[in-house]
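In this note's numbering, the protein residues as written are 8 to 231.
Following: one structure in structure tokens, then a few remarks.
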């Protein structure tokens, strides 16, 4: 009855989203994915490679990157709605879409998901940490896969999006510390919405490995 009075709508086109995850099949089919990429950092490449030139020059502290989609178009608009307009339905859709892509790509199941942390001032300003909400919703798609806000951003940093690539690594150097980890955690998936240069995720992975984690993978909605 409620579906008849308030039919579920696709968050992308606004048309019928019945029996879907808030996204109709035509809209989901049009979302751009990275066709070929570096397995380590997720950078788009001409053909799939285990390590791109950038990773060969400087190997990141994470082992693999799994991205749901290429940055731009409707994915970019959904992320902006989620982060800056506080559209939590858009966040749930992004988590559902990412979960489908991870299952399709065969991403290894980690022991724990860990969201990239925000500094407390930015969290207060935004009202939430989008990576934590992605973890919460991803957990439901992976049979209650555990997640924990195990990292703390110990100093404020400039927004990475406002900096040139050359300055991003220095901006986040030593900015993260492990707050706590459950015993026996060896494989962690770092969760975030968008990966650009990977500097933030690399520093998070460095902190986790220093705390004894053996393998860190990156799960992101989109790779720029």
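Every residue gets a Cβ at the ideal spot worked out from N, C-alpha and C, and that includes glycine.
Model, not experiment: these values are computed from the prediction.
Using 10 angstroms around the beta-carbon of residue 36, count the other beta-carbons present and answer buried if the total reaches 16, otherwise exposed.
-> It is exposed - the Cβ of residue 36 has fewer than 16 other Cβ atoms within 10 Å.
Specify, as a first and last residue, the run of the alpha helix (DSSP H) that residue 68 falls within.
-> Neither: residue 68 is in no alpha helix (DSSP H) and is coded neither H nor E.
Classification of residue 127 by the beta-carbon crowding that lies within 10 angstroms, buried from 16 upward | Burial call: exposed.
Which residues share a DSSP beta bridge with residue 122?
-> 198.
Close-in-space but distant-in-sequence residues of the same chain around residue 38 (CB under 8 Å, 5 per side omitted) = Same-chain partners within the cutoff: 76, 80, 81, 82, 104.
Taking 8 Å as the threshold, find out whether the segment 63 to 78 comes into contact with the segment 221 to 231 through three or more Cβ pairs.
-> Taking 8 Å as the limit for Cβ pairs, the verdict is that the segment 221 to 231 does touch the segment 63 to 78.
Proximity below 8 Å, CB of residue 120 to CB of residue 145 | Yes; because the gap between Cβ atoms is below 8 Å, this pair is in contact.
Residue 201 and residue 215 look like a contact to me (Cβ under 8 Å); what is the Cβ gap, rounded to whole Å?
-> Not quite, the Cβ-Cβ distance comes to about 20 Å (not below 8 Å), so this is no contact.
Start-to-end residues for the beta strand (DSSP E) that takes in residue 158 | Going by DSSP, residue 158 is part of the beta strand (DSSP E) stretching over 158 to 160.
Secondary structure of residue 9, DSSP reduced to three states = Because residue 9 sits at a pLDDT of 45, beneath the cut-off of 50, its placement in the model cannot be relied upon, and the following sentence gives the value as read from the coordinates. DSSP places residue 9 in helix when its eight states are reduced to three.
Tell me whether residue 293 is buried or exposed, calling it buried when 16 or more other Cβ atoms sit within 10 Å of its Cβ.
-> Since the first residue shown for the chain is 8 and the last is 231, residue 293 is missing from the structure and cannot be characterised.
Would you tell me roughly how many angstroms separate the C-alpha atoms of residue 58 and residue 65, rounded to the nearest one?
-> Distance between the alpha carbons of residue 58 and residue 65 is about 10 Å.
The beta strand (DSSP E) enclosing residue 224, as first and last residue numbers = Counting along the chain, the beta strand (DSSP E) containing residue 224 begins and ends at 222 to 230.
Between the segment 156 to 165 and the segment 88 to 98, are three or more C-beta pairs nearer than 8 Å?
-> Counting C-beta pairs closer than 8 Å gives fewer than three between the segment 156 to 165 and the segment 88 to 98, which falls short of the contact rule.
Looking at residue 98 and residue 141, is the spacing between their C-beta atoms short of 8 Å?
-> Contact: yes.
Among residues of its own chain, excluding the 5 on either side of residue 52, which ones have a beta-carbon nearer than 7 Å to its beta-carbon?
-> Hits under 7 Å: 43, 44, 45, 59.
Could you have a look at residue 51 and say whether DSSP puts it in helix, strand or coil?
-> Looking at residue 51 - three-state DSSP - the assignment turns out to be strand.
Within 10 angstroms of its Cβ, does residue 63 collect 16 or more other Cβ (buried), or is it exposed?
-> Burial state of residue 63 is exposed, judged by a 10 Å Cβ sphere holding fewer than 16 other Cβ atoms.
Expressed to the nearest angstrom, what Euclidean distance is found between the alpha-carbon atoms of residue 152 and residue 186?
-> Going by the C-alpha atoms only, they are around 20 Å apart.
Since residue 23 sits in a beta bridge, which residues does DSSP pair it with?
-> Bridge pairing for residue 23: 16 [DSSP].
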